[in-house]
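Below is one structure, written out as structure tokens, with a few remarks after it.
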Amino acid sequence: MSLNLEYGFGGQPNFGQVLFYGAGAFTAGIVSSTLIRLYSGFPPADICDVNLLVQREAIVNSNGGIAVAIWVVALIVAIGVGAGAGLLASYPALRVKEEWYLGMVLLVAGEMFRIIARNTPQFFCGYNGLAGLLQPFASLDNVVSLKNYSPELAEGIYTAVILVLAFICYLIVQRMSNSPFGRVLKSVRDDRIAAETAGKDINKVRKQVLIIGSAMAGLAGALYSFYIGVAIADDYISAVTFSLFVMIVLGGIANNRGVFVGVAILTALDRGTLILGTLLQGVFPHFDPNLLSYLRYMLEAALLLVLLMFRPKGIFPEGRVKTKAYTLFDFGKGKKGEDETTSPPAEKQTEKKNEEPSKVIEQQASATTTKQQQQ
Amino acid sequence: MSSKHQQQPQSSNNSSGENILEVSGLRKSFEGLHAIDGVDLKVKRGSITGLIGPNGSGKSTLFNVIGGTIRRDAGVIVFDGRKIDLLQPHKIFKLGLGRTFQTPRLFFGMTVLENALLVPKDQKGENPLNAMFHQRWDEEELGNAKKASELLEFLEIKQLYDKWSSDISGGQMKLLQLAAAFMGDPKMLMLDEPAAGVAPRLARDIFKSIETRRKRAGTTFLIIEHRLEILFDFVDYVYVMSRGKVIAEGKPDQVVKEQSVIDAYLG
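Set out below in structure tokens:
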């Protein structure tokens with residue numbers, strides 16, 4: 287969703303999305319690990335020390351409320367760090383004239399982040415990553431009565447929470463894209479020079495969209511790290527960014543509903559090849575299921591090519607920027623606007639048909655003069 | 142010829158109050174090619190001024206430099222009493238100087254209506270935080286929509302409001318560009334061939350709308366146009382450019398008689 291805002295609407299090809307995603311994951315991990323120990327009265331220790339993992343897990347399992355509170359704080363900090371990273375990334379964005387150079391800069395930055403994280407045991411636990419990030423609702427699994435009822439309750443609740451947060455992000459992006467801000471984003475994407483001459487500060491817009499998108503990516507990274515229980519550098523390779531691009535292009539660039547469909551297709555492909563691999567291994571014991579992970583990438587590429595040939599705008603093509611302005615035009619024409627139930631404004635009902643062109647201009651001009659006099 | 146020719150800019154002793162735009166000693170070169178070579182030009186507030194000349198004479202480059210999309214090498218540009226030659230295009234627009242392009246530069250990922258609605262200045266909903274709460278900008282949006290509706294209707298493209306701007310004809314693109322330019326309520330508009338590619342009747346209508354706008358809102362126009370038979374019926378004053386220089390200026394009927402102008406056009 288964040289990449290769709292940046293690239294689909296804003297035209298900023300953020301090939302380094304994984305940087306912000308990874309930054310969110312590690313930030314959440316570091317904040318959570320440190321806060322858990324602080325709350326328990328222990329001094330902050332080496333968060334990578336494997337001997338402390340068990341201790342951390344014990345604290346989370348025994349104190350659900352605190353685990354949730356720390357998780358919330360970790361998410362907020364991850365969002366902040368993501369936004370900060372987006373702000374930093376916007377500086378090269380302001381200096382490169384072609385957006386694709388920005389894409390290259392961010393691609394390199396994302397890969398640099400991974401390599402640094404992988405080789406910096408002091409901060410990111412190096413090759414092994416930061417382990418022992420328990421889901422905030424893990425303590426529920428210790429309640430015997432609940433466990434008997436549903437053995438994977440904590441995971442289920444956490445998944446539901448992720449879906450709710452994803453939906454909130456969808457609403458935010460949907461509202462932003464269907465507003466004058468959405469129009470400005472599209473104008474910067476479509477023609478930078480024309481946008482500037484129409485009075486739009488394109489540097490400010492680029493900065494805004496990178497901050498918002500990166501904040502969302504930070505949140506996604508944090509949620510992911512808690513979901514899989516570890517923040518590990520090699521999870522944030524450039525291929526992740528490209529998978530996100532494939533999702534957007536498949537579903538439909540600059541179409542928020544399309545993004546959901548793109549995500550669903552690629553996730554189904556991912557899980558489908560995984561399940562297929564396991565099944566094939568059951569039938570053919572010498573079969574290596576990892577081979578199918580390569581098949582997944584091949585299928586992704588093939589799907590993308592077919593779509594670009596026959597439906598280049600994606601499954602759901604880009605739509606218009608739905609604001610109340612259309613109610614003035616759509617009324618009585620059977621067009622579908624955002625607010626189909628909204629009655630047209632009173633002035634429309636009394637609008638004179640076939641008005642003299644000069645009168646129209648005169649009215650407009652008089653209004654302009656009055657406005658300028660007021661100013 | 143039109144009877145409006147008596148309104149012409151005064152000579153160089155004009156105060157900046159009378160002249161909304163003053164350009165002096167403007168130069169711009171591209172790898173040794175002098176696209177603009179010491180241009181001096183004054184546009185009187187509330188006038189319609191023509192800028193003509195053969196292809197490649199530097200007219201559009203002059204617009205680009207004044208509008209801020211190309212940085213000048215030397216010279217001074219003063220708009221409405223403010224020096225603008227180092228300002229970014231969006232700041233120049235906010236001061237009240239709008240422009241259109243020779244080849245329409247529209248936003249093809251947006252509809253005709255959205256192209257028009259983009260232009261009004263300082264819209265509340267352009268702030269990302271406000272954007273999330275449509276109640277904060279709905280009223281302003283409806284006001285802009287009403288204005289767009291009237292302009293699109295006048296320019297006879299209202300029926301295209303929900304068409305992608307990439308799907309309309311070249312002439313319609315010109316009209317949309319003009320509507321969008323008017324939406325910004327500029328003090329001055331630089332129009333680069335507004336009637337090119339438009340049917341003769343509509344071309345004249347476009348110029349009539351320009352004249353009406355000038356009369357009622359006091360908007361100043363600087364217009365590049367090759368259809369001189371239409372342009373000369375509406376302009377107060379004309380500058381003629383050739384090879385990056387202003388070679389003649391004056392009333393249209395006087396300018397066309399000048400030998401330098403005839404030479405420039407006939408080679």
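Protein sequence lines correspond, in order, to chains A and B. With the numbering used here, the residue at position 372 of the first sequence is 658, and numbering never jumps. With the numbering used here, the residue at position 143 of the second sequence is 284, and numbering never jumps. From the three backbone atoms N, C-alpha and C, an ideal C-beta is built for every residue, glycine too.
Check, Outcome
"Reduced DSSP secondary structure (H/G/I, E/B, other) of residue 329 of chain B", "strand"
"Bridge partner(s) assigned by DSSP for residue 175 of chain B", "B:170"
"Member of B:171, B:168, B:213 and B:160 whose CA lies at the smallest distance from the CA of residue 190 of chain B", "B:160"
"Neighbour flag for residue 375 of chain A against chain B, beta carbons, 7 angstroms", "no"
"Contact set between the segment 377-402 of chain A and chain B, restricted to residues whose Cβ is under 9 angstroms from the partner", "none"
"Spatial neighbours of residue 385 of chain B in its chain, beta-carbon cut-off 6 angstroms, leaving aside the 5 residues before and after", "175, 176, 177, 178 and 199"
"Residue 282 of chain B, DSSP secondary structure in three states", "helix"
"Segment contact, 8 angstroms Cβ cut-off, at least three pairs: the segment 285-302 of chain B with the segment 196-210 of chain B", "no"
"CB contact check: residue 465 of chain A to chain B, cutoff 7 angstroms", "yes"
"Below-7 angstroms beta-carbon distance, residue 333 of chain B vs any chain A residue", "no"
"Residue 200 of chain B CB to nearest heavy atom of the ligand MG below 6 angstroms", "In the structure on display, the ligand MG does not appear, and there are no ligands present to speak of."
"The segment 448-462 of chain A touching the segment 226-245 of chain B, judged by at least three CB pairs closer than 8 angstroms", "no"
"Pairwise C-alpha distance: residue 394 of chain B and residue 158 of chain B", "27 angstroms"
"Beta carbon of residue 333 of chain B nearer than 7 angstroms to that of residue 188 of chain B", "no"
"Residue 392 of chain A burial status per 10 Å Cβ neighbour count (16 or more: buried)", "buried"
"Under the three-state DSSP convention, the category residue 308 of chain B falls into", "helix"
"Nearest neighbour of residue 360 of chain B, chosen from B:335, B:370, B:327 and B:390 [CA to CA]", "B:327"
"Residue 380 of chain B - partner residues in DSSP beta bridges", "B:192 and B:390"
"Whether residue 214 of chain B touches residue 170 of chain B by CB criterion (7 angstroms)", "yes"
"N- and C-terminal bounds of the alpha helix (DSSP H) containing residue 351 of chain A", "350-381"
"Residue from A:572, A:369 and A:525 with nearest C-alpha to residue 400 of chain A", "A:525"
"7 angstroms Cβ cutoff, residue 367 of chain A in contact with chain B", "no"
"Closer than 7 angstroms to chain B by CB, residue 639 of chain A", "Unreliable positioning characterises residue 639 of chain A in this predicted model, as indicated by a pLDDT of 38, which lies under 50. A coordinate reading is not provided."
"Nonlocal neighbours in the same chain, by C-beta distance under 6 angstroms from residue 532 of chain A, ignoring five residues either side", "586 and 590"
"Environment of residue 222 of chain B [buried if 16+ CB atoms lie within 10 Å]", "exposed"
"For residue 601 of chain A, the nearest candidate out of A:536, A:423, A:359 and A:378 (CA to CA)", "A:536"
"Chain C within 7 angstroms of residue 210 of chain B, Cβ atoms only", "This model lacks chain C altogether; the protein chains it does include are A and B."
"Within-7 angstroms CB hit, residue 266 of chain B to chain A", "yes"
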